[in-house]
Amino acid sequence: MTRLDNDIPYISQVENSLEAFSLPNTQQFLLPSKARQQPYRIFVYTPAQEAPPQGFPVLYLLDANALFGTIVEAVRVQARRPEKTGVYPAIIVGIGYPTDEPFDDSRYYDFTMPTSDEVLKALPVRNKDHVWPKVGGAQDFRDFIEQELKPRIERDYPVDWNRQGIFGHSLGGLFVLQTLLTMPDSFQFYVAGSPSIHWNKELVRRQEAQFAALQQQARKRINLLITLGELEDAHPSGMNGNAREFFERFSLLTSEELRVEYQEFEGEGHVSVLPALVSRMLRFVLGG
74 MTRLDNDIPY
84 ISQVENSLEA
94 FSLPNTQQFL
104 LPSKARQQPY
114 RIFVYTPAQE
124 APPQGFPVLY
134 LLDANALFGT
144 IVEAVRVQAR
154 RPEKTGVYPA
164 IIVGIGYPTD
174 EPFDDSRYYD
184 FTMPTSDEVL
194 KALPVRNKDH
204 VWPKVGGAQD
214 FRDFIEQELK
224 PRIERDYPVD
234 WNRQGIFGHS
244 LGGLFVLQTL
254 LTMPDSFQFY
264 VAGSPSIHWN
274 KELVRRQEAQ
284 FAALQQQARK
294 RINLLITLGE
304 LEDAHPSGMN
314 GNAREFFERF
324 SLLTSEELRV
334 EYQEFEGEGH
344 VSVLPALVSR
354 MLRFVLGG
């Protein structure tokens, strides 16, 4: 056995050498926002393949602290054989927070519309003494994405402007739907996982009524995928029923310029559904 100068077996030193692990082809940086004191933590994955002339499709991901690694690994593996998987190489941009925890309370502010105390009191909670974090900053967050984050990404990475998607889950799914309803030209692909429509159903319905006029102004085709876990149907919020009703109403608007799909995953709950929906979401957004 080869030995080093200090007479410690070489193999033992290799076994005891610990290094931090990072995903290949990924970067992260802090990006300040005009509307909040703390910066956002931005995660970016770029494919190893050479970018096509028009650039790579780009998927913007909410709750990136929790989901960035899962989605990046799925893209890395499946995009190696797109002719088999239906998933083509893409840039993944995760929007997260400067914490090592999977979720941060800032998401309540970023993903929700202004909400009255009366509505907040009516929301289902486990503890009757629950105090909600600050809410109501969705428009500030949308402005950050459009005016601060997208220009930075488009400056530094080869992005195809005509193939941009956004994915959010739970309150993030609500944010995705509201972005579609109020600013439909922001993205071409919208994926709302287990959207928390119950947060303010009346506002969502009013925004739906205004959507047809906004859609006519959109410059590109819009694609919407709504997903849920089958077991979420038992949640007191009525999450699955709300999402099905939204899908059924929205399906009446389908045309050459609007594609709407819906899927429930058998045997999955609100959290366990996340890995299950990733492949379905990637085929929807990154298919050829």
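With the sequence shown counted from 1, adding 73 to any position gets you my numbering. A virtual CB, placed ideally from N, CA and C, is assigned to each residue, including glycine.
* **Limits of the beta strand (DSSP E) - the one that residue 333 falls within** => It spans 331–338 - the beta strand (DSSP E) in which residue 333 sits, taken as one unbroken run.
* Under a three-way DSSP split, which group does residue 92 fall into? -> In this structure, residue 92 counts as coil in the three-state DSSP scheme.
* Asked: If you run the structure through DSSP and keep just helix, strand and coil, what is residue 233?
  -> DSSP places residue 233 in strand when its eight states are reduced to three.
* Asked: In angstroms, rounded to a whole number, what distance separates the CA positions of residue 91 and residue 137?
  -> The alpha-carbon of residue 91 is positioned some 26 Å away from that of residue 137.
* Using 10 angstroms around the beta-carbon of residue 261, count the other beta-carbons present and answer buried if the total reaches 16, otherwise exposed. => Its Cβ being crowded by 16 or more others within 10 Å, residue 261 is buried.
* residue 176 CB to nearest chain D CB: under 8 Å? -> This model lacks chain D altogether, as it is built from one protein chain only.
* To do: May I have a chain-ordered list of the beta strand (DSSP E) segments no shorter than 3 residues that lie completely inside the region 209–266?
  => Every beta strand (DSSP E) of 3 residues or more that sits fully in the region 209–266 is shown, in chain order, as 232–242 and 262–266.
* Asked: Which residue or residues does DSSP assign as beta-bridge partners of residue 118?
  -> Bridge pairing for residue 118: 99 and 165 [DSSP].
* Compute the distance between the beta-carbons of residue 117 and residue 166, then report whether it is under 8 Å. => A contact, by the Cβ cut-off of 8 Å.
* **Residue(s) in a DSSP beta bridge with residue 106** => According to DSSP, which records beta bridges pairwise, residue 106 is partnered with 109.
* Asked: Which of helix, strand or coil does DSSP assign to residue 159?
  -> Note: residue 159 maps to coil in three-state DSSP.
* **Contacting residues, own chain, Cβ-Cβ under 6 Å from residue 266 (five flanking each side not counted)** => So the list reads 242, 246, 300 and 350, once near-sequence residues are dropped.
* When you compare each of 311, 298 and 156 to residue 240 by their alpha carbons, which one comes out closest? -> Closest option to residue 240, Cα to Cα, is 298.
* To do: Could you pull out every residue in the same chain whose Cβ sits closer than 7 Å to the Cβ of residue 162, ignoring the five residues on either side in sequence?
  => Residues 120, 122, 129 and 152 of the same chain have their beta carbon placed closer than 7 Å to that of residue 162, with the five preceding and five following residues left out of the count.
* In terms of residues, what are the limits of the alpha helix (DSSP H) holding residue 143? -> 137–151 is the span of the alpha helix (DSSP H), which, as asked, contains residue 143.
* residue 362 to residue 170 span [Cα, whole Å] -> Residue numbering for the chain in the displayed model covers 74 to 361; residue 362 lies beyond these limits and cannot be assessed.
* Asked: Can you tell me whether DSSP reads residue 298 as helix, strand or coil?
  -> Here residue 298 carries a strand assignment [DSSP, helix/strand/coil].
* Does DSSP put residue 130 in a helix, a strand or coil? -> Shown here, residue 130 sits in a strand according to DSSP, grouped into three states.
* Assign residue 327 to buried or exposed, taking buried as 16 or more other Cβ atoms, counted over all protein chains shown, within 10 Å of its Cβ. => Under this definition residue 327 is an exposed residue.
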